[in-house]
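Here is the structure we will look at, set down as structure tokens.
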Ligand code: AQP
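Residue numbers (the working numbering): 250 to 577.
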């Protein structure tokens, strides 16, 4: 019997190359080996206070991104979190066994509380507990994520252990899976921080960006004079070389490395080459996405049907949990 894999994204902007290499690429590779449940986590997006119309649009965009990237409905389930209310219900039950101190020490909470200081809501603190519910609800054993999510998976393991200790063996302790190439892709505009949607469109390259937009975004990425070649590259330059490593051919990478060492590098040429290679990598993604966007009803139907399939599993597992804790 295949085991269960759970992962997903928050619909807070278009899927970017960080999301793709950090998570989505391994989802595609694992679709045949696991029962995969991929979520669009709109309840999580609410923590950032989106406008209602923007959230709906973002959910649709996320579904397009997933399907164009190659999530296959014959192999996997694609679900919308808010259509499966069992996520929130399990989160509440798990909340009652999760010490506040476990949530307060999560590094992403510390980051987000600075970023969203004017809307420091309970959801931001509770985010990893809801994420634990997203995973444990399906008794997932593996969760492919980018490096930034590791503390959240560790917390999900601790919560599973706490529940099992108190109420008897119920949840497997989920394991993370992190891709080595692309585990943490850095922002274009703030190369010391990870690329992320909420830093704004200029800091990330979306898979759906046109070749022109990719070139424009790369053009404004910070570099240096090109004359100070040293073993440790400046963050902006290191970031560009890491992207070259992912997207470009060995000979191209070697050529730019040599030019860097010889202090004759043209960052304009490097950026142009990188833009061409990134655009080529996602060419078929873009074409597929454009076709899917022409059939919004079909996309919503896929999401509703996937959520109904997820709900069946969720209902069964939540019933077990409720019986164990003395509810019903
Ligand atoms: N820069 C990144 N490098 C590698 N992996 C990344 N991931 C996100 N950014 C990078 C991984 O993508 C998956 C989905 O992420 P998410 O959308 O659910 O939430 P996130 O991590 O919060 O993504 P963002 O872009 O940073 O969104 P905002 O700015 O809205 O919070 C996860 O597996 C994540 O590790």
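Just so it is clear, CB atoms sit at the ideal spot from N, CA and C, and this is done for glycine as well.
Start and end residues, alpha helix (DSSP H) containing residue i
{"i": "residue 545", "result": "545-574"}
{"i": "residue 421", "result": "Where residue 421 is concerned, there is no enclosing alpha helix (DSSP H), given that its DSSP letter is neither H nor E."}
{"i": "residue 253", "result": "Segment 253-258 is the beta strand (DSSP E) holding residue 253; no alpha helix (DSSP H) there."}
{"i": "residue 372", "result": "371-385"}
{"i": "residue 413", "result": "399-416"}
{"i": "residue 501", "result": "499-510"}
{"i": "residue 526", "result": "516-530"}
{"i": "residue 279", "result": "274-279"}
Residue i classed as buried or exposed, judged by whether at least 16 other C-beta atoms fall within 10 angstroms
{"i": "residue 576", "result": "exposed"}
{"i": "residue 485", "result": "buried"}
{"i": "residue 513", "result": "exposed"}
{"i": "residue 540", "result": "exposed"}
{"i": "residue 301", "result": "exposed"}
{"i": "residue 298", "result": "exposed"}
{"i": "residue 325", "result": "buried"}
{"i": "residue 440", "result": "buried"}
Cβ-heavy atom distance, residue i to the ligand AQP, below 7 Å
{"i": "residue 459", "result": "no"}
{"i": "residue 398", "result": "yes"}
{"i": "residue 445", "result": "yes"}
{"i": "residue 286", "result": "no"}
{"i": "residue 515", "result": "no"}
Given residue i as reference, the closest of the options once Cα atoms are compared
{"i": "residue 569", "options": "530, 385, 430", "result": "385"}
{"i": "residue 434", "options": "347, 476, 269", "result": "269"}
{"i": "residue 311", "options": "324, 298, 294, 470", "result": "294"}
{"i": "residue 340", "options": "526, 469, 408", "result": "408"}
{"i": "residue 571", "options": "392, 289, 417, 555", "result": "417"}
{"i": "residue 475", "options": "511, 348, 256, 460", "result": "511"}
{"i": "residue 314", "options": "393, 349, 455, 465", "result": "455"}
{"i": "residue 322", "options": "566, 574, 554", "result": "554"}
{"i": "residue 280", "options": "290, 318, 444", "result": "318"}
Residue i - containing beta strand (DSSP E), residue span
{"i": "residue 289", "result": "284-289"}
{"i": "residue 391", "result": "391-393"}
> Quick one: complete beta strand (DSSP E) runs, 3+ long, within the stretch 319-361?
Replying inline: 325-329
> Considering only residues of the stretch 469-497, which uninterrupted alpha helix (DSSP H) runs meet the minimum length of 4 residues and lie entirely inside it, listed in chain order?
Replying inline: 484-496
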